[in-house]
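Quick note: to get my numbering, add 33 to the position in the sequence shown (first position is 1).
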Amino acid sequence: MPVDVLFQAFALKTLTLPNRVVMAPMTRSLSPRGVATEDVAAYYARRAAAEVGLIISEGTGVARPAALNDPDIPRFHGEAELAAWRRVIDSVHAAGGLMAPQLWHVGAVRGRHPTWAPDGPYDSPSGLSRPGHKFGEGMTDEAVADAIDAFAAGAGAARRLGFDAVELHGAHGYLIDQFFWEGTNARDDIFGGRDIAGRARFAAEILKAVRRAVGPAFPVIIRLSQWKQQDFAARLAHTPAEMEAWLRPLVEAGADMLHCSQRRFWEPEFEGSDLNFAGWAKKVTGVPTITVGSVGLTGDFIAAYGGEASRPASLDELVRRLERGDFDLVAVGRALLQDPLWARKVRQGRTEELMDFERSAMVTLS
Numbered sequence: 034m035p036v037d038v039l040f041q042a043f044a045l046k047t048l049t050l051p052n053r054v055v056m057a058p059m060t061r062s063l064s065p066r067g068v069a070t071e072d073v074a075a076y077y078a079r080r081a082a083a084e085v086g087l088i089i090s091e092g093t094g095v096a097r098p099a100a101l102n103d104p105d106i107p108r109f110h111g112e113a114e115l116a117a118w119r120r121v122i123d124s125v126h127a128a129g130g131l132m133a134p135q136l137w138h139v140g141a142v143r144g145r146h147p148t149w150a151p152d153g154p155y156d157s158p159s160g161l162s163r164p165g166h167k168f169g170e171g172m173t174d175e176a177v178a179d180a181i182d183a184f185a186a187g188a189g190a191a192r193r194l195g196f197d198a199v200e201l202h203g204a205h206g207y208l209i210d211q212f213f214w215e216g217t218n219a220r221d222d223i224f225g226g227r228d229i230a231g232r233a234r235f236a237a238e239i240l241k242a243v244r245r246a247v248g249p250a251f252p253v254i255i256r257l258s259q260w261k262q263q264d265f266a267a268r269l270a271h272t273p274a275e276m277e278a279w280l281r282p283l284v285e286a287g288a289d290m291l292h293c294s295q296r297r298f299w300e301p302e303f304e305g306s307d308l309n310f311a312g313w314a315k316k317v318t319g320v321p322t323i324t325v326g327s328v329g330l331t332g333d334f335i336a337a338y339g340g341e342a343s344r345p346a347s348l349d350e351l352v353r354r355l356e357r358g359d360f361d362l363v364a365v366g367r368a369l370l371q372d373p374l375w376a377r378k379v380r381q382g383r384t385e386e387l388m389d390f391e392r393s394a395m396v397t398l399s
């Protein structure tokens, strides 16, 4: 199937992309002491030079003591850290690319680094890392307010540094998603409750603060998921109506685009329709969406952590859904991690040159 639709331009406010290919955010843990290196800048610039329409950075920590759970994940605050990110965006722009940083707070998710500990207590809605698992104490009102301000400060810095958009990480069981999830949010204040719209209040307040920090024209994206790393089968919305109740407050608060994460993009979200998560999110909110999840590869990323390789896969189903208008952009993760030239090869029909994904790509900046 021709892939022309993947290489059509797309515009969102001040952002004009040459094509629909997005580099998905992927944690690298290769920025010593939280400062992105020249190798990090070159890693992103290689993808920009090879026709990736929009690069979304790896998750970057906002200014809260325990926002990150690994010392070598980059931070998006502090003089040295922001100077490093200025070098990154300048390199991407010099290569002809466009980029958004992803602002991240891991919440109550313990890191894998054997000797590292955070500078302060872990943040979480209710002191739960997963349903029934105690992990510290719930955030105070002051901590919630400071976390909201930290996301806004990061977004404001992104605009000042010259980034083209900003993304908030609201997926995969991290802090914002812990507020969404009834299993980890047992609060009885305005940021909790059994109602998904109530549990979306924290994200909505972050989006409002971000919007104030960046102004009306700067594109703001939020990444979302039903599944959690703590529970692959978890669901926030069981029906389209519940999904609308979850997502519409985020759009009204300032989200311009929803980045909808699935483990496999082709799987339907609800019975009775083949629309995936991104398709339903666009349908119930009316805003553009990004789809992501095992694009261009045979196996999903969870298997990759276990060492499983993946082979290049057909893009026909992806193209069919994109042509139908189910979603607007396509985020590519491991295929672009393995091969900086993936987008160019796809556009030029060089499918025989597409590479298998090997786990070794996860620990290098190729």
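Each residue gets a CB set at the ideal place from its N, CA and C atoms; glycine is no exception. All values derive from a computational prediction rather than experimental measurement.
Worksheet item: Between the beta-carbon of residue 188 and the beta-carbon of residue 243, is there less than 8 Å?
Response: Their beta carbons are under 8 Å apart, which means residue 188 touches residue 243 by this criterion.
Worksheet item: By DSSP, does residue 261 sit in helix, in strand, or in coil?
Response: strand
Worksheet entry | Beta-bridge partners of residue 93, as assigned by DSSP | Beta-bridge partners assigned by DSSP to residue 93: 136.
Worksheet item: Smallest Cα separation from residue 235: which of 60, 183, 131, 296?
Response: 183
Worksheet item: Comparing alpha-carbon positions, which option in 295, 126, 273, 35 lies nearest residue 305?
Response: Cα-wise, what sits closest to residue 305 is 273.
Item to complete: Please confirm whether residue 262 and residue 206 have their CB atoms less than 8 Å apart.
Response: yes
Worksheet item: In chain order, what residues of the same chain lie with their CB nearer than 7 Å to the CB of residue 269, ignoring the 5 residues before and after it?
Response: 213, 214, 229, 259, 279
Discussion item. Can you list, in chain order, the residues of its chain with a C-beta nearer than 6 Å to that of residue 131? Leave out the 5 residues immediately preceding and following it.
Written reply: 87, 197
Worksheet item: Contact between the region 291 to 299 and the region 327 to 334: three or more CB pairs below 8 Å?
Response: In short, these stretches touch, since the Cβ pair count reaches three.
Discussion item. In this structure, how does DSSP classify residue 327 when only helix, strand and coil are distinguished?
Written reply: coil
Worksheet item: When the cut-off is 8 Å and only beta carbons count, does residue 118 lie next to chain E?
Response: Of the protein chains in the structure, only one exists, and it is not chain E.
Worksheet entry | DSSP three-state assignment for residue 310, whether helix, strand or coil | helix
Item to complete: Would you please state the rounded distance, in angstroms, between the beta carbons of residue 83 and residue 357? I believe it to be under 8 Å.
Response: Wrong, their Cβ atoms sit about 27 Å apart, outside the cutoff.
Item to complete: Write down the C-beta distance between residue 57 and residue 366 rounded to the nearest angstrom, noting that I regard them as a contact closer than 8 Å.
Response: At roughly 4 Å, the Cβ-Cβ gap stays under 8 Å, so residue 57 and residue 366 are in contact.
Worksheet item: If you drop the 5 nearest sequence neighbours on each side, which residues of the same chain put their C-beta closer than 7 Å to that of residue 308?
Response: 301, 302, 316, 359
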